[in-house]
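Going by my numbering, the sequence shown opens with residue 387, and the numbers climb by one from there.
Please read the structure below before turning to the comments.
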Amino acid sequence: MRLERRAPLTSTIRLARVTPLQPVSVKRRAENRERHKVVHATFGDAPLCRAPGCGRLADDIHEPLTRGRGGSVTDPSNMVPLCRTCHGLVQLGPPWAYEFGLMAHSWDGGDAA
Ligand SMILES: [Zn+2]
Numbered sequence: 387m388r389l390e391r392r393a394p395l396t397s398t399i400r401l402a403r404v405t406p407l408q409p410v411s412v413k414r415r416a417e418n419r420e421r422h423k424v425v426h427a428t429f430g431d432a433p434l435c436r437a438p439g440c441g442r443l444a445d446d447i448h449e450p451l452t453r454g455r456g457g458s459v460t461d462p463s464n465m466v467p468l469c470r471t472c473h474g475l476v477q478l479g480p481p482w483a484y485e486f487g488l489m490a491h492s493w494d495g496g497d498a499a
């Protein structure tokens, strides 16, 4: 037995949005502005990488306690300037990153770095 559609496929959902989606929420945009100010006030214009033995110009501000684990992205005590290479290594979560305070466990309570 072959199944055939009797009624045409139609959508009752209005697909076109009245207002376009924002790439970043208003709340996150405000948080990013505050973070930008805090980073410049804390580290200046050309911070150096804080990974042990590096010292290159930092590219990123790393959060030892990530936002997903309850860390703040606007708290200077949760910010560590890192170069892109070291940031990539640290984000893999090696034991030495925890030893040097570049990564924090969620149960450390956010007083990392
Ligand atoms: Zn580095």
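Even glycine gets a Cβ: it sits at the ideal position worked out from N, Cα and C.
In this model, Asn464 and Trp493 are separated by some 14 Å (Cα to Cα). Boundaries of the alpha helix (DSSP H) harbouring Leu475: Arg470 to Val476, taken from the DSSP string. In the DSSP assignment, Ile447 is bridged to Pro467.
Taking 8 Å as the cut-off, one finds at least one heavy atom of ligand 1 near enough to the beta carbon of Leu468. For Cys440, the closest of His448, Cys469 and Asp446 by C-alpha to C-alpha distance is Cys469. Going by DSSP, Phe429 is part of the alpha helix (DSSP H) stretching over Val412 to Phe429.
Just measuring C-alpha positions, the residue of Ala427, Ile447 and His426 sitting nearest Arg436 is Ile447.
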